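With the first letter of the sequence shown counted as 1, position 45 gets the number 45 in the working numbering; the numbers rise by one all the way through. Virtual Cβ for every residue (Gly too), placed ideally from N, Cα, C. Since this is a predicted model, take the numbers as computed values, not measurements.
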Amino acid sequence: MENNPRELLQIMARRFGLLNKNCCTIGNNDISLIQSHILYEIARQSIPSMQQVAETLGMDITTFSRQVQTLIKKSLVKKTPLPEDRRVYILNLTVEGKFIADAIDQMMNDYLEEVFSFMNDIDKENVMRSLKLLNESMLKSKMCCTPMG
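Structure representation (structure tokens):
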């Protein structure tokens with residue numbers, strides 16, 4: 001395998017299924033990759049606003065709002081105005097939304113556990129350290145999370 005960083009990242013994206021229309025189907029719900037990320041962040045953050053989750057994901061608010069509306073229609077997310085400032089909306093997972101977020105989390109953990117099972121402990125630590133380093137470097141980059149071109 002080549003040492004071309006783009007090639008390695010392209011292959012990894014394909015193997016993670018990042019190019020698939022849906023990341024998973026749970027029950028009757030087809031969940032897109034973007035929706036999976038939204039559910040994950042709502043579950044992870046404590047009573048997040050729409051703006052907080054959109055910023056965390058690096059999404060513009062219009063695209064984010066459309067995705068949230070789809071999740072509301074699927075009865076996975078609830079959007080409530082903040083009592084002290086009704087312009088701000090808080091996001092919560094419904095019971096079914098929590099179930100689906102937990103199921104996706106379990107599927108990803110199982111997948112990663114299986115992938116890491118082919119490595120020894122030192123290699124696992126090296127991969128984790130390298131991923132942290134890559135994430136930190138991307139955070140410092142002026143080009144990260146902005147359209148190129």
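I'd like the span of the beta strand (DSSP E) that includes residue i, first residue to last.
| i | result |
| --- | --- |
| PRO81 | 77–82 |
| ILE90 | 85–93 |
| ASP121 | Counting along the chain, ASP121 falls outside any beta strand (DSSP E), though it belongs to the alpha helix (DSSP H) covering 121–140. |
| ILE151 | No information on residue 151 is available, as it lies outside the stretch 1 to 149 that the chain covers here. |
| CYS23 | 22–26 |
| ASN4 | It is not in any beta strand (DSSP E) - ASN4 carries neither H nor E in the DSSP assignment. |
| SER32 | 29–32 |
Our contact map puts residue i next to residue j with C-beta atoms below 8 Å; I'd like the distance itself, whole angstroms only.
| i | j | result |
| --- | --- | --- |
| GLU96 | LEU71 | Not really, about 10 Å apart at Cβ, beyond 8 Å. |
Report the option in the options whose CA atom is closest to the CA atom of residue i.
| i | options | result |
| --- | --- | --- |
| ARG44 | ILE61, MET128, LYS98 | LYS98 |
| ILE26 | SER130, SER65, ILE104 | ILE104 |
| TYR89 | LEU18, GLN69, VAL127 | GLN69 |
| PHE64 | GLN35, TYR40, LEU82 | GLN35 |
| ILE42 | ASN135, GLN67, VAL127 | GLN67 |
| ASP102 | LEU8, PRO48, ILE31 | ILE31 |
| ILE47 | ARG14, PRO81, CYS24 | PRO81 |
Whole angstroms are fine: how far does the CA of residue j sit from the CA of residue i?
| i | j | result |
| --- | --- | --- |
| SER141 | MET59 | 17 Å |
| LYS79 | THR62 | 15 Å |
| ASN20 | LEU33 | 8 Å |
| ARG6 | LEU93 | 36 Å |
| ASN22 | HIS37 | 12 Å |
| LEU112 | GLN10 | 18 Å |
| PHE116 | ASP85 | 46 Å |
| MET138 | LEU131 | 10 Å |
| GLN106 | LYS74 | 21 Å |
| LEU18 | CYS144 | 18 Å |
| ARG87 | ASN29 | 30 Å |
| PHE16 | MET108 | 10 Å |
| ILE100 | LEU57 | 19 Å |
| MET12 | ASN3 | 13 Å |
| GLU136 | ARG129 | 11 Å |
| GLU125 | CYS24 | 28 Å |
| LEU134 | TYR40 | 21 Å |
| LEU91 | GLU114 | 33 Å |
For the alpha helix (DSSP H) holding residue i, just list the boundary residues, first then last.
| i | result |
| --- | --- |
| SER65 | 61–73 |
For the region 38–52 against the region 113–123, do three or more pairs of beta-carbon atoms, one drawn from each stretch, fall closer than 8 Å, so that the two count as touching? Fewer than three Cβ pairs drawn from the region 38–52 and the region 113–123 lie within less than 8 Å of each other, which leaves the two stretches out of contact.
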